[in-house]
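Written out below as structure tokens is the structure these notes cover.
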Amino acid sequence: MIKTKANPLIQWIVVCGLVFAGAGASAPAQMPGHHPAYLHALRNLREARSLLQTNFGNPVHAQAAAQALNEIEHAINDLKNSAGADGKALQDVPPSNRNLPPAGRFHQVADLLRAAHNDVSGAESDPAAIQNRDGAERRIDSASAIIARVL
């Protein structure tokens, strides 16, 4: 075995390279994804869906909930397609407050839909995602209009 004395500068460069390579390899696992606003909108839409999945005694409320649920489901699917969802927290559904009266549920759903609209209405840099994003935005706006009629 031949022993050679390595240049300290070379050793330092190799160590720094390994440190930076290790840091770069772990960075993608910590990033929120390509479309964090879409993921936030998905969370809001899922919470709104959860709030509407109840038996409303008033037929007007039941009909509005059913129509809004249909629009919300389509918006969720459009956003999942648009975001190219990477599976991060997509199954997480925040627990809804099951003790809310119907008026409270509809007000909370209206707030969640407004937030989801704001999340998806920003500029989109991926041309392939624009059509689905626009479809989701239309569905969110439609669900908002349905909910507004019963407020």
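Mature numbering (1 follows the signal peptide of the UniProt record, and there is no 0) puts the sequence shown at residues -21 to -1, 1 to 130.
Think of the CB as a built atom: it goes at the ideal place given N, C-alpha and C, for glycine as much as any other residue.
{"Item": "Compare the C-alpha of residue 130 against each of 100, 119, 88 and 33 and name the closest.", "Value": "88"}
{"Item": "Compare the C-alpha of residue 37 against each of 28, 82, 123 and 104 and name the closest.", "Value": "82"}
{"Item": "Quick check: what's the CA-CA separation for residue 111 versus residue 25?", "Value": "17 Å"}
{"Item": "Give the secondary structure of residue 105 by DSSP, where H, G and I count as helix, E and B as strand, and everything else as coil.", "Value": "coil"}
{"Item": "So, at 8 Å on beta carbons, what are the nonlocal neighbours of residue 57 in its own chain, with the 5 sequence-adjacent residues on each side left out?", "Value": "111, 112, 114, 115 and 118"}
{"Item": "Identify, in the order they occur along the chain, each residue of the same chain with its Cβ nearer than 6 Å to the Cβ of residue 50, setting aside the five sequence neighbours on each side.", "Value": "118, 121 and 122"}
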